[in-house]
Structure formats: C-alpha cells, structure tokens
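A.B. asks: The structure that follows is given in the form of structure tokens.
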Amino acid sequence: MSTLLTHIAISDGKIKRSSLEVLSRMHQLANEYGHDTEAVIIDEQPSQYVDEVAKYGASTIYTIENPIFKNHRNTPLLKALSAVMDEANPYIFGFGSTEGTKDILGALAANQDAAVLSDVSEFDLIDDGISATRPVMAAKILSENEAHGDQILVSVRSGSYDLNESQTDAETVNIDFSIDEDKIQSTLREIIGADSDKIDLSEAETIVAAGRGAKDEEGQDLINELASTLNAGIGASRALTEAGVMDPSLQIGQTGKVVSPQLYIAVGISGAIQHVAGMANSKVIVAINKDPDAPIFDIADYGIVGDLYKVLPPFIEELKTIKS
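This is the structure:
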C-alpha cells in the first residue's frame with residue numbers, strides 16, 4: 001500500500017478549489033487501487049483548514065505551521081515540501097496547477113530526485129507509475145505521457161475533476177519546521193493585491209470574457225452587468241488588455257491565465273488560437289459574436305450570431321427574471 005499525497009494550497013485565507021479537485025481524484029484512485037489518501041497544509045495557521053480537507057477523503061493530514069507562510073515565498077515552501085516528502089514518502093504527490101506550483105515544482109522534483117508531469121488535464125495510475133493527458137499547442141493536441149519512479153509529482157489543471165466529498169476521521173500530524181530567514185536569498189518587497197471585488201479567475205465556476213467587440217464604455221457596462229447577474233468572474237482577450245481597456249491580470253490565453261470554468265461566455269471574442277489556449281478546457285462554452293465565421297464558434301457548445309449590444313440586454317433581463 002502506497003501513499004497518494006495532495007498539497008492543499010491556501011490563498012487569501014481560503015483553500016484553492018483546484019487543490020480539493022486533486023484531493024478528490026486522489027481519493028478516488030486510492031479506493032480503486034488500495035492506497036492511502038493523505039494531504040498536507042502549509043500555512044501560518046494550518047489547523048483552521050483541517051476540517052474542510054477531511055471532507056474530501058484524507059485519512060492523514062500533515063500540517064506545517066510557520067509565520068513565514070503568510071505569503072507565498074518559493075524558498076521556504078520548497079524546503080517545507082521537501083520535509084513533507086521525507087516524512088510521508090508519497091508515491092504520488094499531487095498539486096493544483098497554480099502560479100505558485102509552477103514556480104517550485106521543477107525544483108522540488110530535482111531536490112527529491114522525483115519524476116514530474118505538469119499541467120495535466122487527466123491522470124491515472126499504471127503498474128509502475130502514472131499516465132496523464134496534457135493539452136498542448138493551444139489545446140489542439142492532447143499529449144499522452146507517462147512517468148515512472150519511486151516518487152512522482154503531478155500538477156493538474158483547475159476544473160479537470162469534480163469535487164467529491166467523502167468525510168473521514170482524519171489523523172493530524174504536525175511536522176516541525178524552522179528556517180533562518182537571514183539565509184533566504186530572495187526578499188519579499190511588496191504585495192500588490194488584486195481588486196477585492198473581482199472573482200479569482202482560476203477559481204471561478206463561471207467566467208464572462210470580453211473581446212475587442214466590447215471595448216467601449218457601453219460594452220464594458222454590459223459585460224459587468226452580465227457578470228454580476230451570474231456572479232461570474234470577468235476575463236479579457238489580449239486585445240483589450242493591450243489597449244488598456246481592461247487590467248492585464250484579467251487576460252486569458254497563451255500569455256495570460258489558463259482557466260477551466262463550468263461555464264465560459266465569450267463576448268465579442270473572435271477566437272484566436274492564443275486566446276483558445278487559455279480556455280479550451282471549459283466545460284461549456286457560449287460564444288456571442290456578430291461574425292458567423294469567427295473561429296470561436298468552432299469550439300463553442302452554444303453560439304449566438306449577433307451584435308452584442310442587441311443580444312446582451314434581453315439576455316441579461318431574462319437571466320434576472322429567472323433568478324427572481
């Protein structure tokens with residue numbers, strides 16, 4: 001019997017949904033193949049998250065507590081994760097594919113002499129390792145990969161798996177950890193917080209994304225109203241962020257964020273390959289564009305050919321009627 005371990009990422013005092021998705025998948029595999037499901041929480045106050053993590057099948061939850069983890073810093077996190085691997089000796093160590101994970105996964109694999117597969121959309125156990133599917137070339141190609149070894153790290157795209165609760169009476173194990181801050185070569189100078197009113201795109205279940213067609217004030221007002229009605233996150237194409245219409249942090253695509261919401265509404269977006277790379281794994285895609293030949297319709301589950309200024313107002317009103 002081996003250990004399937006999941007890193008539980010914390011952001012702004014909340015567990016990242018992508019971590020719980022990975023934990024749900026790990027628990028499913030553990031039940032199928034007869035392994036143990038375990039998790040680790042690294043934070044300044046990890047105990048406050050234990051009960052929530054126990055809902056998703058972890059029989060053992062490791063915690064590392066230190067004030068230095070108030071904010072994401074690569075060196076302390078890398079050392080803490082290495083300590084966890086030494087303690088738990090996981091066969092598979094799973095992560096949500098977050099910006100923080102991308103920073104440290106390769107270094108952790110090198111430190112622990114472990115195999116690694118990153119940014120996958122599916123994974124399964126095989127006789128001596130794991131197999132995984134990874135979207136490449138703007139998600140136009142699915143790359144089939146395998147990793148073998150005594151320890152394997154895998155990061156999984158957000159939205160790849162559903163959350164499945166399976167309450168356990170988890171054992172909590174605290175791992176002693178200390179680090180000399182004077183020996184950390186990088187220094188945290190400043191944290192520039194995102195707009196607190198905006199929904200985190202990586203965690204959003206619904207996203208309304210605006211393209212060049214919605215670049216004026218009226219278009220932006222309609223986008224904001226639609227997003228507010230659906231309690232959705234707001235995204236943007238590269239054209240809008242480069243024009244200064246929307247904040248660069250909202251850009252979705254090859255040079256922006258990669259998202260996998262349950263519902264993605266593309267408004268006035270043509271569907272260039274660079275944008276599609278960031279949203280092709282969305283569960284349901286709705287496209288609104290006045291050009292019937294726009295490439296976005298090739299990947300859309302539902303399409304509306306029409307002027308967004310004529311389509312959105314009655315669409316929003318109907319949604320409000322349904323909600324009321």
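Position 84 (the sequence shown) corresponds to 84 in full-length UniProt numbering; numbering is contiguous.
Glycine is no exception: its CB is placed at the ideal position from the N, C-alpha and C atoms.
Going residue by residue through the stretch 24-65, where are the continuous alpha helix (DSSP H) segments of at least 4 residues, counting only ones entirely within it?
C.D. replies: For the stretch 24-65, whole alpha helix (DSSP H) runs of length 4 or above, ordered along the chain, are 50-54.
A.B. asks: So the candidates are Ser-2, Ser-11 and Gln-167; which of them puts its Cα closest to the Cα of residue 326?
C.D. replies: With the chain represented from 1 up to 324, any question about residue 326 goes unanswered, as that position is not in the structure.
A.B. asks: Is the separation between the beta-carbon of Ile-316 and that of Leu-226 shorter than 8 Å?
C.D. replies: Against a cut-off of 8 Å, the Cβ pair of Leu-226 and Ile-316 comes out as a contact.
A.B. asks: What would DSSP say about Leu-312, mapped onto helix, strand or coil?
C.D. replies: Looking at Leu-312 - three-state DSSP - the assignment turns out to be helix.
A.B. asks: With C-beta atoms as the reference, is Leu-308 less than 8 Å away from Ile-288?
C.D. replies: Yes. Within cutoff.
A.B. asks: What is the residue span of the alpha helix (DSSP H) that Ser-118 lies within?
C.D. replies: First-last for Ser-118: 115-120, but that is the beta strand (DSSP E), not the alpha helix (DSSP H).
A.B. asks: Tell me whether Glu-281 sits in a helix, a strand or coil according to DSSP, three-state version.
C.D. replies: Glu is not the amino acid found at residue 281; the sequence shown has Asn there. Residue state, collapsed to three classes: coil.
A.B. asks: Put Val-22 into one of helix, strand or coil per three-state DSSP.
C.D. replies: Val-22 falls in the helix class under three-state DSSP.
A.B. asks: Measuring CB atoms only, is the stretch 65-72 touching the stretch 132-150, in the sense that at least three cross pairs come out at less than 8 Å?
C.D. replies: No: fewer than three Cβ pairs fall under 8 Å.
A.B. asks: I'd like to confirm the pairing. Which residues does DSSP put opposite Ser-131 in its beta bridges?
C.D. replies: Answer is Asp-124 and Glu-146.
A.B. asks: What is the C-beta distance between Glu-144 and Gly-96, in whole angstroms, given that I count them as a contact (C-beta under 8 Å)?
C.D. replies: 21 Å between Cβ atoms; not a contact.
A.B. asks: Can Val-53 and Gly-94 be called in contact, C-beta distance under 8 Å?
C.D. replies: For Val-53 and Gly-94, no; Cβs fall outside 8 Å.
A.B. asks: According to DSSP, Phe-95 sits in a beta bridge with which residue or residues?
C.D. replies: In the DSSP output, where bridge partners are listed per residue, Phe-95 has Ser-155.
A.B. asks: Using the DSSP secondary-structure output, state which residues sit across from His-7 in a beta bridge.
C.D. replies: DSSP, once it has assigned bridges, lists Val-40 as partnering His-7.
A.B. asks: With respect to the beta strand (DSSP E) encompassing Val-305, which residues constitute its N-terminal and C-terminal limits?
C.D. replies: Taken as a continuous stretch (DSSP letters only), the beta strand (DSSP E) holding Val-305 covers 302-305.
A.B. asks: Could you name the residues that DSSP lists as bridge partners for Tyr-264?
C.D. replies: According to DSSP, Tyr-264 bridges with Ile-207 and Ile-285.
A.B. asks: Quick test of your reading: Ile-10 and Asp-51, contact by CB under 8 Å. State the CB separation rounded to the nearest angstrom.
C.D. replies: About 14 Å separates the two Cβ atoms, so there is no contact after all.
A.B. asks: Straight-line CA distance for Ala-300 to Val-284?
C.D. replies: The alpha-carbon atoms of Ala-300 and Val-284 are separated by roughly 8 Å.
A.B. asks: Closest by CA to Arg-212, which one among Asp-291, Asn-281, Gly-278 and Ala-170?
C.D. replies: It is Asp-291 whose Cα lies nearest to the Cα of Arg-212.
A.B. asks: In angstroms with no decimal places, state the Cα-to-Cα distance between Ser-228 and Glu-217.
C.D. replies: Their Cα atoms are separated by approximately 16 Å.
A.B. asks: Quick one: residues in its chain with C-beta nearer than 7 Å to the C-beta of Thr-37, no 5 flanking neighbours on either side, listed in chain order?
C.D. replies: Closer than 7 Å at Cβ, skipping near neighbours: Leu-4, Met-26, His-27, Ala-30, Gly-57, Ala-58 and Ser-59.
A.B. asks: Out of Lys-323, Thr-172 and Glu-99, which one is the CA nearest neighbour of Tyr-49?
C.D. replies: Tyr-49 has its Cα closest to that of Thr-172, out of Lys-323, Thr-172 and Glu-99.
A.B. asks: Any idea which residues DSSP pairs Thr-172 with across the strands?
C.D. replies: Looking at the DSSP assignment, Thr-172 forms a beta bridge with Ile-61.
A.B. asks: Taking the alpha-carbon positions, what's the Ile-64 to Ser-186 distance?
C.D. replies: So the two alpha carbons sit approximately 21 Å from each other.
A.B. asks: Which of the three DSSP states, helix, strand or coil, is assigned to Leu-236?
C.D. replies: In the sequence on display, residue 236 carries Ala and not Leu. Looking at Ala-236 - three-state DSSP - the assignment turns out to be strand.
A.B. asks: The alpha helix (DSSP H) that contains Gly-219, what's its start and end?
C.D. replies: Segment 217-230, the alpha helix (DSSP H) holding Gly-219.
A.B. asks: With 16 other CB atoms within 10 Å as the buried threshold, where does Ser-237 fall?
C.D. replies: It counts as buried.
A.B. asks: With DSSP run on the structure shown, which of helix, strand or coil describes Ser-166?
C.D. replies: Ser-166 falls in the strand class under three-state DSSP.
A.B. asks: Determine which residues share a DSSP beta bridge with Val-136 and list them.
C.D. replies: DSSP, once it has assigned bridges, lists Ile-141 as partnering Val-136.
A.B. asks: Leaving out the 5 sequence neighbours to the left and right, which residues in its chain are closer than 8 Å to Gly-129 when beta-carbon positions are compared?
C.D. replies: The residues are Ala-115, Glu-146, Ala-147, His-148, Gly-149 and Ile-152.
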